[in-house]
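Just so you know, our numbering puts 437 at position 73 of the sequence shown, and the rest follows in order with no gaps. Reviewing the structure listed below.
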Amino acid sequence: MDIFTMLYLLIGGLLAVYGSASIVVATVRKPNLRHNCNIFIAFQAVCLLCQAIGTLNILLLSLFDSLDQPAIHCFFIQLVPQFSMTCGVCFALVIGVDRLISVKWPHVYSKIEPIPYIPAVCLLPCSVALFVEVCAYYMAFVSSEKTVLCTINGVLVLRENYLFYLHFLHAFVAVATLLIYMQMWRTAKDFPLQTRRLIKSLFAIVISFVITWLVTSGLLSVVYIAGIQDPYRFAIRLLTLGSISLCGFFDFVIYYNMNSEYRQAFQEQMCFSPQRQTNFQVKMLRRKNKPLQFKARTAAAANIRIVDKPVDESTFTNNETQQ
């Protein structure tokens, strides 16, 4: 593996870990981000996080010159990332169906209890991912002595037709998810602003998700149909894997730019929230023994009356003394 590929996987993996972890932390910390859809988004972020860790694991194996592994060893090394990859793809479809139900039948959706609903819905992606893992284990067990390049889907290379079917499944789920969001986009124009903003951010994520998975799945399918062999096939697999891993960071960027609730949560995590900035300014002024002076730019930002010049706290002290 050359240095440019290693840097590509390293940067992509770290960005994906940061973006996915930020979404999970925001969901855990913020009560207003614990609705059904937000929980499904957090589950998908966990899957993307594990997938990104699997990408970094490939880089680590390459650094120690241990990328060639027996099939059964590779299966257990990439068990969690491979399960998470398929599960994360299916969670995109789950989120789309959940939002479509909430938009078209809001009265029915509002009466759904989270406890039976969320575990029941999670059965679909987990079942599909478990089926893929069973197939991978069978291939690894039958060909346990064979050596494979230990990527996330490295074991499935032993039966290239199964890997082709898996890529076709990913592409099919991506297209189905896009169709659901297009239907939801048509029916969401008359709904509250907050709902439309969430749907808008989800729709942008789905567009990036569909483009990524269609391009990568289509490219890999062409590679296997054309019979391209290593090292060119391995280089293309790493290229597509790095692109897929970046989905976690793309989600973070889209939510930050298009959803105010997630943006506020992310800013608090990065210590960039207005409240923390104000507290930091107050601490710095007090350390320097300077008077607290603030100038409100807008009434909405400070929730106070705008003044033309800075307000000195000594003014309030003198007024209280005179009274």
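In this text, a Cβ means the ideal position worked out from N, Cα and C, and glycines have one as well. Given the structure is predicted, the values throughout are model-derived calculations rather than measurements.
Can you find the residues in the same chain that come closer than 6 Å, C-beta to C-beta, to residue i, ignoring five residues on each side of it along the sequence?
i      : result
Gln433 : Cys514
Val574 : Ala538 and Leu542
Thr369 : Leu602
Lys394 : Ala629
Gly377 : Ala416, Thr419, Leu420 and Ser609
Met503 : Val519, Leu522 and Arg523
Check residue i in the structure and name its three-state DSSP category.
i      : result
Leu513 : strand
Pro489 : helix
Gln628 : helix
Gln442 : coil
Pro434 : strand
Ser384 : helix
Gln593 : coil
Ile563 : helix
Arg398 : coil
Trp577 : helix
Glu477 : coil
Asp429 : coil
Asp462 : helix
Trp469 : coil
Leu412 : helix
Pro483 : helix
Gly376 : helix
Arg523 : coil
Ala666 : For Ala666, the pLDDT reaches just 46, beneath the cut-off of 50, and the residue's location in the model is therefore unreliable, although a value from the coordinates is still provided. Helix.
From residue i to residue j, what distance separates their C-alpha atoms?
i      : j      : result
Glu477 : Arg523 : 43 Å
Pro445 : Lys475 : 35 Å
Tyr501 : Val521 : 12 Å
Ser507 : Phe439 : 11 Å
Tyr382 : Met634 : 11 Å
Pro489 : Leu583 : 24 Å
His399 : Pro480 : 14 Å
Phe632 : Leu397 : Correcting the residue type first, residue 632 is Glu in the shown sequence and not Phe. Straight-line Cα distance between these residues: approximately 14 Å.
Phe567 : Val496 : 27 Å
His471 : Asn621 : 30 Å
Ala435 : Tyr545 : 39 Å
Gly606 : Lys654 : 51 Å
Gly452 : Phe614 : 14 Å
Gly418 : Ile516 : 7 Å
For residue i, is the classification buried or exposed, using 16 other Cβ atoms within 10 angstroms of its Cβ as the cut-off for buried?
i      : result
Ala534 : Sequence inspection shows His at residue 534; the Ala mentioned does not correspond to that position. Buried.
Gln687 : Annotation note: pLDDT 46 at Gln687 (below 50); position unreliable, coordinate value reported separately. Exposed, because fewer than 16 other Cβ atoms sit within 10 Å of the Cβ of Gln687.
Ile608 : buried
Ile563 : buried
Leu423 : buried
Ala665 : Any reading at Ala665 must be qualified, since the residue scores a pLDDT of 47, below 50, and its modelled position is unreliable; no value is offered.
Thr511 : exposed
Asp462 : buried
Phe404 : buried
Arg442 : Looking at the sequence provided, one finds Gln at residue 442 rather than Arg. Its Cβ being crowded by 16 or more others within 10 Å, Gln442 is buried.
Asn623 : buried
Val519 : buried
Gly591 : exposed
Ala484 : exposed
Ile571 : exposed
Leu373 : buried
What residues in its chain sit with their C-beta under 7 Å from that of residue i, if we drop five residues either side in the sequence?
i      : result
Leu425 : Leu431 and Cys514
Ala406 : Ile387, Val388 and Thr391
Arg597 : Val587
If I measure Cβ to Cβ from residue i and keep anything under 8 Å in the same chain, skipping five residues before and after, which residues do I get?
i      : result
Val410 : Ser384, Val388 and Ser448
Ile589 : Phe528
Check whether the Cβ of residue i sits closer than 7 Å to any heavy atom of the ligand ATP, and report yes or no.
i      : result
Arg627 : Only the bare structure without any ligand can be found here, which leaves the ligand ATP out of the picture.
Could you give the C-beta distance for residue i and residue j, rounded to a whole number, given that I count them as a contact under 8 Å?
i      : j      : result
Leu464 : Gln547 : 7 Å
Ala456 : Gln408 : 7 Å
Ser581 : His531 : 4 Å
Lys468 : Thr551 : 6 Å
Gly612 : Leu413 : 6 Å
Ser585 : Tyr619 : That belief does not hold up - the Cβ atoms of Ser585 and Tyr619 are roughly 31 Å apart, past 8 Å.
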